[in-house]
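To start, the structure itself, in structure tokens.
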Amino acid sequence: MWRVPPIAALAAILAACAAPTPRREDIPTRASDFRPSQIRQPVVFARLQLDGRYSDEERKTMPQKLEGVLLDELNAHAVLAKEVRVSVGDATRDPGPAIARARGLGADHVIFVDVRVARGLLLFCQGTRRRFQATATQWGQAAEVLRASDGLVRLRIVPGSLPPVADLDPDCDNPRDSRRLTTTEAFAESVKQLMTRLLAS
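Going by our numbering, 104 is the number at position 1 of the sequence shown; the sequence numbering is gapless.
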């Protein structure tokens, strides 16, 4: 059921959504001599982080759906991945084994992909007279490209630098007519944004 939030609740939501000032190491990085066309046969290591409450079925199928849309989007850009792996969790990533794996497979780059899926109460149609709150799931994405030969960072897309994707497509004139995206559709839109930045920038 849609409802307009009171001012106090709205202020709390906006404060919670405020992004912290980026740290120096979080500033987007792009090597001056990097070109997307250099990525032809990468290995892709994707990490899926789930925040919120999800069913056992969702937790089981989300990694499979992410792997599928990654492969589809890579193929759409004529990039033939040597391997795509998806893990679930937020453990600190050690790039060493990934680089070694890439070299062993004859890959040219390692692409680390982070997709964070968060479920909760979100505010839609901000800046309009029909703003409303609804429980929705939101996808955020980040990535880093390393050259397999020496492990140097070629491109980094930090969290928050791409617009998040929600599974609710709001209708600001008639909120009750807002459309829900399927999990696969939301994953696909999220990955498309990311790969467009990585491979077509």
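Ideal Cβ placement from N, Cα and C applies to all residues, glycine included.
Just so it is clear, the structure is predicted and the values come from calculations on it, not from any experiment.
Taking the C-alpha atoms as reference points, what is the distance between residue 201 and residue 147?
Within the sequence shown, residue 201 is the residue found at index 98, counting from 1. Within the sequence shown, residue 147 is the residue found at index 44, counting from 1. So the alpha carbons of these two residues sit roughly 9 Å apart.
Which residue marks the beginning of the beta strand (DSSP E) containing residue 152, and which one marks its end?
Here residue 152 refers to the residue found at position 49 when the sequence shown is read from its first residue. 146-154 is the extent of the beta strand (DSSP E) around residue 152.
Tell me which same chain residues have a C-beta within less than 7 Å of the C-beta of residue 272, skipping the five on either side of it?
Here residue 272 corresponds to residue number 169 of the sequence shown, with the count starting at 1. These residues qualify, in order along the chain: 281, 282 and 284.
Neighbourhood of residue 214 by C-beta distance below 6 Å, restricted to the same chain and skipping five residues each side:
What you label residue 214 is simply residue 111 of the sequence shown in a count that begins at 1. Excluding residues within five positions, the ones whose Cβ falls inside 6 Å are 145, 147 and 248.
Please name the residue, chosen from 192, 301, 295 and 299, that lies closest to residue 171 on a Cα-to-Cα basis.
Taking the sequence shown and counting its residues from 1, the one referred to as residue 171 is at position 68. Looking at the Cα atoms, 295 is the closest of the given residues.
Have a look at 270, 216 and 292 and flag the residue whose alpha-carbon is nearest the alpha-carbon of residue 239.
Sequence index remark: in the sequence shown, residue 239 carries index 136 (1-based). Cα-wise, what sits closest to residue 239 is 270.
Rounded straight-line distance, which links the Cα of residue 276 to that of residue 299:
Against the sequence shown, residue 299 aligns to sequence position 196. Against the sequence shown, residue 276 aligns to sequence position 173. Cα to Cα, the separation comes out at about 31 Å.
Distance, residue 246 Cα to residue 236 Cα
Translated into positions along the sequence shown, residue 236 becomes position 133. Translated into positions along the sequence shown, residue 246 becomes position 143. Cα-Cα distance, rounded: 30 Å.
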